[in-house]
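Undergrad:
4 protein chains.
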Amino acid sequence: MSMNTFGRVFRFTTWGESHGPALGAVVDGCPPRLALSETGIQPWLDKRRPGTSKFTTQRNEPDQVRILSGVFEGQTTGTPISLMIENTDQRSKDYGEIAKAYRPGHADYAYDAKYGHRDYRGGGRSSARETAARVAAGAVARLVIPEVTITGYVSQIGDDRIDMANFDAAEIGNNPFFCPDAAAAERWAKLVDEVRLAGSSVGAVVECVASGVPAGWGAPLYAKLDADLASAMMGINAVKGVEIGEGFAAATLRGEDNADEMRPGAEGPQFLANHAGGIAGGISTGQPVVCRVAFKPTSSILIERQTINSAGEAVDLRTKGRHDPCVGIRGVPVVEAMMALVLADHKLLHRAQVG
Amino acid sequence: MSMNTFGRVFRFTTWGESHGPALGAVVDGCPPRLALSETGIQPWLDKRRPGTSKFTTQRNEPDQVRILSGVFEGQTTGTPISLMIENTDQRSKDYGEIAKAYRPGHADYAYDAKYGHRDYRGGGRSSARETAARVAAGAVARLVIPEVTITGYVSQIGDDRIDMANFDAAEIGNNPFFCPDAAAAERWAKLVDEVRLAGSSVGAVVECVASGVPAGWGAPLYAKLDADLASAMMGINAVKGVEIGEGFAAATLRGEDNADEMRPGAEGPQFLANHAGGIAGGISTGQPVVCRVAFKPTSSILIERQTINSAGEAVDLRTKGRHDPCVGIRGVPVVEAMMALVLADHKLLHRAQVG
Amino acid sequence: MSMNTFGRVFRFTTWGESHGPALGAVVDGCPPRLALSETGIQPWLDKRRPGTSKFTTQRNEPDQVRILSGVFEGQTTGTPISLMIENTDQRSKDYGEIAKAYRPGHADYAYDAKYGHRDYRGGGRSSARETAARVAAGAVARLVIPEVTITGYVSQIGDDRIDMANFDAAEIGNNPFFCPDAAAAERWAKLVDEVRLAGSSVGAVVECVASGVPAGWGAPLYAKLDADLASAMMGINAVKGVEIGEGFAAATLRGEDNADEMRPGAEGPQFLANHAGGIAGGISTGQPVVCRVAFKPTSSILIERQTINSAGEAVDLRTKGRHDPCVGIRGVPVVEAMMALVLADHKLLHRAQVG
Amino acid sequence: MSMNTFGRVFRFTTWGESHGPALGAVVDGCPPRLALSETGIQPWLDKRRPGTSKFTTQRNEPDQVRILSGVFEGQTTGTPISLMIENTDQRSKDYGEIAKAYRPGHADYAYDAKYGHRDYRGGGRSSARETAARVAAGAVARLVIPEVTITGYVSQIGDDRIDMANFDAAEIGNNPFFCPDAAAAERWAKLVDEVRLAGSSVGAVVECVASGVPAGWGAPLYAKLDADLASAMMGINAVKGVEIGEGFAAATLRGEDNADEMRPGAEGPQFLANHAGGIAGGISTGQPVVCRVAFKPTSSILIERQTINSAGEAVDLRTKGRHDPCVGIRGVPVVEAMMALVLADHKLLHRAQVG
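Residue numbers (the working numbering), protein chains in the order written: chain A, 1 to 355; chain S, 356 to 710; chain P, 711 to 1065; chain H, 1066 to 1420.
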């Protein structure tokens, strides 16, 4: 059933709440004899870390990861890798008001309806803080797929999209938005600042491309590579849509325009297009795997909204505290991590069946 | 690992190829004492059946389902329910040419790259014919969730969308497109006929709404209801995108506009909007669950495309045989079935944990 | 959850009841390009088939297996392999009396207590007839592990054990008891005949040895090879005990006597003993894997016993119909099949993690 | 695949090595609103804790458990419960010699053969120290099944069995052997002391009875209650055999003697015997569930044995350090924990399917 576990062969289980003492992941099924230490994981966590610019939440934590098991003398042993990150900047007092009132658009009401008891501090288990555990697990996954390069970036904030003509992968690390279009990054700085000052929030689209994936990964029919990616991405906090390749645009195309024609190449087929986003019939084709993910605007905002409390009474609520004005931005390292986790899993799954 | 199994507690496993003797599903975990017979399953298969209009493939088969186990004296026993559908109109001769050449956009190349051996007849395991097994399993799932009403329809073909002002659920069964907008259905008749006569194909969008789902189904963080729906839908043949609620449109919204405000209601909260599509934090909220699915155009077309064959040589290929000009149309009963299967699974999963 | 599925990477799902139209198995995760046809499976089913001597049930069915999917042009394709066996000699009339009365020692009462509705004909799903599906699946598993030789035999009936000094593997196929000790087989003929004529039944012990298993299969801590074998064997109808290597005798030993000492060998270590039964820490050691399985006497007997019926009333019951006087005998091919299925699964699982 | 996860609906994942900084378990699927704190778990750990008598290893650690997630204001929230126990008395120096030489009968060689890299300190992941995590998880499982009483005890050490005529459950806590027979406990004190002083070790049998289990738990055919118990018990370190009810003795019985006859009772059937050990057809019958588990003698002994080292050279090895002379004794709380974990899982699994 695996409610808090993801993966089929390379699996990880996460635990922890926003304001508990710590959170973590247990990575299971990792091959032995891979070089691993905290210093190999930390950079990915730093990329996701809050408080690095005014465009992300001001919660400020070092997010230092500790490896508690599964590594000996610098190498993985094939046994479970336990990763732990302590929560150090919790400020429970900020969250007093939402102990009883349900933030509209947030998971508060649904958790109460399901469990009847809920750690309301900072959203508890539903907090995006849990994604730190995914990023840590993703760093381990990357070791399993050294042949793959994963590049994630924000392609749209609100309705302002990047211009693909300006695409420069080298730009992604040069701005606080993981934006590959320098001109768009400038515009977004104004946009997100305006949103932030208004106490509002805004949505975004994250794209992620994995190159170097060989043909053959993915196990149809119910462990399709694209289906697993869809699950992985839709499961990230605030995500409401997932596309592979053309995505919804494919609905508007004719068959002859959507065909990825092939010609003989030096090493396997040379594709003349990649409408499929690198996946056909649930199996990788050898082309880059392309995924697009829609993030809704953060639901915790300073603008007052109508809601109810746990007693069923009408209240109006402004969510005080520190929040991301555009949660999609910090979604980039999370999307990358989930891409790595799905690909690592499918590499091993393919190896199991086909050798 | 479950490569051909879907579900967590209510599970089904499918088997079969397009041109083998039969295909089927084994449904496991079904509660006992539900009234079930072939006549309860057949109508859903008939809805998906090909050859019912000129807008679908002319392959003509009765798709008669047989129940081979799990039912005694008209009631489920709690043991596995084996469902079998014989293939009767296979015409292997139609497929001789594609035995060696890879149809662009189809799974042919990927299957060969993965397995090195492939039943090429009619696409083999990658054929949309397998979805008959899902529809049969979905009919069983519906028995588990009598409180839920599932309504699927085509909302867009090519770039022609329905007008929501014309939405009439009663129209859906009145035209060959499962279209709730009578005016759009008329336009589509021309559009799809033109596509068909040109030997081409076109994409579509299917929407599916499940009402009656109580608050509390869905098990965060890695068995979220929306993540499971994303996996279920992205795994359907030809699907390239999935949205829940606002989907990609959520990326363009501000937090205050995307909030689903609440007021006290007679039976739980009254929501003033449903941007979330009935799911928050991976858990149902009690509002209708809304899902949108993008189908690419059928990749088997009569228009010649460049490709290679299994010897790696360049060839040009027209795919003869009988194909759907718009595979999204027959996707409607499949999307509905997957919705039913996911919801049935989550109802039981919720019952396991919360009682 | 997988209630009717067994295995982790190489998995099978069974379905069917004793008196339904058919029963079967779906084998998933099988590697592609293995030569497979019905004629490769049938001999194993024939070995398990009833009615071949007076020492087994007189139910007489050909148990012809059909492959419905997953094989093309004589080779596996990597897609699910559906295996079906029709029930042809059902004689429902024999079972009228037990429709309402619970046979003592049988699963009748437990099934009713659980499901509240039960196919009572021939024991329904709880019938040992289901093991035909396991044997068919096991024949596929054997293809995955050509390096392994599996030898099962009966080592004890009632309290009459074989004399290991008389052990001759070539004898196993020469008598109706799968007995490697010709003298014991003669004694058992008298014993089982006496039991049969008395309308009684008797228990047995089956041993199974797998040689050729390389060191390294088994995934501690919760996919240990011995734990999976224990589950596989205890799950066979009528089994009440499982031992690996010394089994319960290990409880009586001192550490120095139970140690499997090692000396250098030409190809890896040379073990001086095999108390461990080829498994240490849940991982194969390269020595033969040795398993011992206790079967209780068949609970359906002609001798009258006290019981109750579904109305809760006291009744006395003799179970008419055709039954095995010693169900352990036909347990041999089932134990072998489960051994093959577990080993195939662990070979692929090991390949996934370690390559 | 779940290599380090056990369970179907109520699941736990363990991590950690004997000499790493800590070990732990993540419990997933626990129902919400159960009262839980460290003080509810600690007594079970104390029962398993080493160093409490001269009959167990002199490694002395407090084994203090910390709850890191899943509990809020004293109640479970339905989210994963992370349990951590720090290792405080590790003494790596004791284990220098076995870094390269393989202890006969131990998992050392098998781990190296599998993974090619191994934390040899104290047996690393293969150490019985990991069972502390199971005991902690088991304490949570007990909360899920308050209707069940679990009683474990040692019934045999070496070949000295208890006399059932002397059975007194109240005695179990009165001696360091969890022995219900005061006279046997006295004999064992001499026996184990003699073994200990000789630098040897001895095997044992643990029995475990769960009363209060209602009829209906267990999901045939591949999630049978007895099969899951067999897996759970065989997976405990040093276990080589598992019996349910009569176990191997059932092989010697006639059908009429093994039948558990029934008469009408005030609340369901009254059974006149319990040869089945409370399980028929994989489903609980309402009688006490009876399980018997054989532990081999500890393989780490002070008596010199022949072996090889990782270079493949012959060496003779005495295992210095602190070891249990009879590891079966401390197996009692572990067997009880596994019983609780399996029963909790099956209670929820039954609830999922049958309600």
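In this text, a Cβ means the ideal position worked out from N, Cα and C, and glycines have one as well.
Would residue 155 of chain A count as contacting chain S if we go by Cβ distances under 7 Å?
TA: Position 155 of the first sequence, counting from 1, holds the residue named residue 155 of chain A. Not an interface residue.
Undergrad: Across the stretch 1284-1294 of chain H and the stretch 941-961 of chain P, are there enough close Cβ pairs to call them in contact, namely three or more that are closer than 8 Å?
TA: yes
Undergrad: Please name the residues in the stretch 693-706 of chain S whose beta-carbon is closer than 8 Å to at least one beta-carbon of chain H, in chain order.
TA: Within the stretch 693-706 of chain S, the residues whose Cβ lies closer than 8 Å to some Cβ of chain H are 703, 704 and 706, listed in chain order.
Undergrad: Just how far apart, CA to CA, sit residue 356 of chain S and residue 718 of chain P?
TA: Taking the first residue of the second sequence as 1, we reach residue 356 of chain S at position 1. Taking the first residue of the third sequence as 1, we reach residue 718 of chain P at position 8. Any reading at residue 356 of chain S is ruled out, since the residue's pLDDT is 49, under 50, leaving its predicted position unreliable.
Undergrad: In chain order, which continuous runs of the beta strand (DSSP E) of length 3 or greater are located wholly inside the stretch 134-179 of chain A?
TA: 149-157
Undergrad: Alpha carbon to alpha carbon, how far is residue 149 of chain A from residue 1374 of chain H?
TA: Locating residue 149 of chain A in the first sequence gives position 149, where the first residue counts as 1. Locating residue 1374 of chain H in the fourth sequence gives position 309, where the first residue counts as 1. Taking the straight line from one Cα to the other gives about 41 Å.
Undergrad: Just reading off the alpha helix (DSSP H) that residue 941 of chain P is part of, what are its end residues?
TA: Position 231 of the third sequence holds residue 941 of chain P. Start and end: 935-944.
Undergrad: Using 7 Å as the threshold, is the C-beta distance between residue 618 of chain S and residue 314 of chain A below it?
TA: One-based indexing of the second sequence puts residue 618 of chain S at position 263. One-based indexing of the first sequence puts residue 314 of chain A at position 314. Yes, they are a contact pair.
Undergrad: When you compare only the Cα positions, how much space is there between residue 1223 of chain H and residue 1251 of chain H?
TA: Position 158 of the fourth sequence, counting from 1, holds the residue named residue 1223 of chain H. Position 186 of the fourth sequence, counting from 1, holds the residue named residue 1251 of chain H. So the alpha carbons of these two residues sit roughly 14 Å apart.
Undergrad: Is the beta carbon of residue 1349 of chain H less than 7 Å from the beta carbon of residue 1343 of chain H?
TA: Within the fourth sequence, the letter at position 284 stands for residue 1349 of chain H. Within the fourth sequence, the letter at position 278 stands for residue 1343 of chain H. Against a cut-off of 7 Å, the Cβ pair of residue 1343 of chain H and residue 1349 of chain H comes out as a contact.
Undergrad: Please give me, in chain order, every unbroken run of the beta strand (DSSP E) with length at least 3 that falls completely inside the stretch 886-936 of chain P.
TA: 914-921
Undergrad: Is it true that the stretch 528-541 of chain S meets the stretch 456-476 of chain S, where meeting means three or more beta-carbon pairs spaced less than 8 Å apart?
TA: no
Undergrad: Can you give me, in chain order, the residues of the stretch 368-392 of chain S that have a beta carbon less than 7 Å from any beta carbon in chain H?
TA: 384, 386 and 387
Undergrad: I need the boundaries of the beta strand (DSSP E) containing residue 1305 of chain H, first residue and last residue.
TA: For the purposes of this step, residue 1305 of chain H is taken as the residue at position 240 of the fourth sequence. Annotation for residue 1305 of chain H: the continuous beta strand (DSSP E) segment containing it runs 1304-1309.
Undergrad: Using the beta-carbon count (16 or more within 10 Å), is residue 673 of chain S buried or exposed?
TA: Position 318 of the second sequence holds residue 673 of chain S. With fewer than 16 other Cβ atoms within 10 Å, it is exposed.
Undergrad: Does residue 532 of chain S have its Cβ less than 7 Å from a Cβ in chain A?
TA: Position 177 of the second sequence holds residue 532 of chain S. By this cut-off, residue 532 of chain S is not an interface position.
Undergrad: Using C-beta distances below 8 Å, list every residue in its chain close to residue 714 of chain P, excluding the 5 sequence neighbours before and after it, in chain order.
TA: What you label residue 714 of chain P is simply residue 4 of the third sequence in a count that begins at 1. If we look at residue 714 of chain P and ignore the five residues flanking it on each side, its Cβ neighbours are 723, 724 and 725.
Undergrad: Under 7 Å between beta-carbons, which chain P residues line up against residue 471 of chain S? List them in chain order, please.
TA: On the second sequence, position 116 is the one that residue 471 of chain S refers to. Correct list: 742 and 743.
Undergrad: Can you check which of these residues, A:83, A:289 and A:135, is closest to residue 48 of chain A by C-alpha distance?
TA: Looking up residue 48 of chain A in the first sequence gives position 48. The option with the nearest alpha carbon to residue 48 of chain A is A:135.
Undergrad: Given this structure, state the Cα-to-Cα distance separating residue 1203 of chain H from residue 1130 of chain H, to the nearest angstrom.
TA: Taking the fourth sequence and counting its residues from 1, the one referred to as residue 1203 of chain H is at position 138. Taking the fourth sequence and counting its residues from 1, the one referred to as residue 1130 of chain H is at position 65. Approximately 13 Å, taken between the alpha carbons.
Undergrad: Taking 8 Å as the cut-off, does the stretch 191-210 of chain A touch the stretch 452-465 of chain S (at least 3 CB pairs, one atom from each stretch)?
TA: no
Undergrad: Using a Cβ-Cβ distance cut-off of 7 Å, determine whether residue 958 of chain P contacts chain H.
TA: As a position in the third sequence, residue 958 of chain P is number 248, starting the count at 1. Yes, because at least one Cβ of chain H sits closer than 7 Å to the Cβ of residue 958 of chain P.
Undergrad: Starting from the C-beta of residue 142 of chain A, find all residues in its chain whose C-beta is less than 6 Å away, skip the five residues before and the five after it, and write them out in chain order.
TA: Here the question's residue 142 of chain A lines up with position 142 in the first sequence. Contacts found: 340.
Undergrad: Are the beta-carbon atoms of residue 855 of chain P and residue 1053 of chain P separated by less than 7 Å?
TA: The residue labelled residue 855 of chain P in the question sits at position 145 within the third sequence. The residue labelled residue 1053 of chain P in the question sits at position 343 within the third sequence. Contact flag set, yes.
Undergrad: Kindly say whether residue 778 of chain P, judged by its beta-carbon, lies nearer than 7 Å to any beta-carbon of chain S.
TA: Here residue 778 of chain P corresponds to residue number 68 of the third sequence, with the count starting at 1. For residue 778 of chain P, the answer is yes, since a Cβ of chain S falls inside 7 Å of its Cβ.
Undergrad: In chain H, which residues lie with their C-beta within 7 Å of the C-beta of residue 708 of chain S?
TA: Position 353 of the second sequence, counting from 1, holds the residue named residue 708 of chain S. Those within 7 Å of residue 708 of chain S in chain H are 1094, 1096, 1143 and 1413.
Undergrad: Using only CA atoms, which one of S:516, S:509 and S:515 lies nearest to residue 524 of chain S?
TA: Taking the second sequence and counting its residues from 1, one reaches residue 524 of chain S at position 169. For residue 524 of chain S, the nearest C-alpha among the options comes from S:509.
Undergrad: With DSSP as the reference, label residue 53 of chain A as helix, strand or coil.
TA: Along the first sequence, read from residue 1 onward, the residue named residue 53 of chain A stands at position 53. Three-state DSSP puts residue 53 of chain A in coil, outside helix and strand.
Undergrad: Along the chain, which unbroken stretches of the alpha helix (DSSP H) at least 4 residues long are found entirely within the stretch 373-443 of chain S?
TA: 393-403
Undergrad: Below 8 Å on C-beta distance, what does residue 613 of chain S contact in chain A?
TA: In the second sequence, the residue the question calls residue 613 of chain S occupies position 258. Per Cβ cutoff of 8 Å: 105, 203, 296, 297 and 299.
Undergrad: What is the DSSP secondary structure of residue 1164 of chain H, counted as helix, strand or coil?
TA: On the fourth sequence, residue 1164 of chain H is found 99 positions in, with the first residue counted as 1. Note: residue 1164 of chain H maps to helix in three-state DSSP.
Undergrad: Using a Cβ-Cβ cut-off of 6 Å (strictly less than) and excluding sequence neighbours within five positions of residue 1068 of chain P, which residues of its own chain qualify?
TA: Because chain P is modelled from 711 through 1065, residue 1068 of chain P falls outside the range shown and cannot be assessed.
Undergrad: Is it a yes or a no for the stretch 674-685 of chain S touching the stretch 326-341 of chain A, going by three-plus beta-carbon pairs under 8 Å?
TA: no
Undergrad: Helix, strand or coil: how does DSSP classify residue 1416 of chain H here?
TA: Here the question's residue 1416 of chain H lines up with position 351 in the fourth sequence. Residue 1416 of chain H falls in the helix class under three-state DSSP.
Undergrad: Is there a Cβ from chain S that is less than 7 Å from the Cβ of residue 1016 of chain P?
TA: For the purposes of this step, residue 1016 of chain P is taken as residue 306 along the third sequence, with counting starting at 1. No, residue 1016 of chain P lies away from the interface with chain S (no Cβ there is under 7 Å from its Cβ).
Undergrad: If the criterion is Cβ atoms closer than 7 Å, does the pair residue 1189 of chain H and residue 1082 of chain H meet it?
TA: Position 124 of the fourth sequence holds residue 1189 of chain H. Position 17 of the fourth sequence holds residue 1082 of chain H. Contact: yes.
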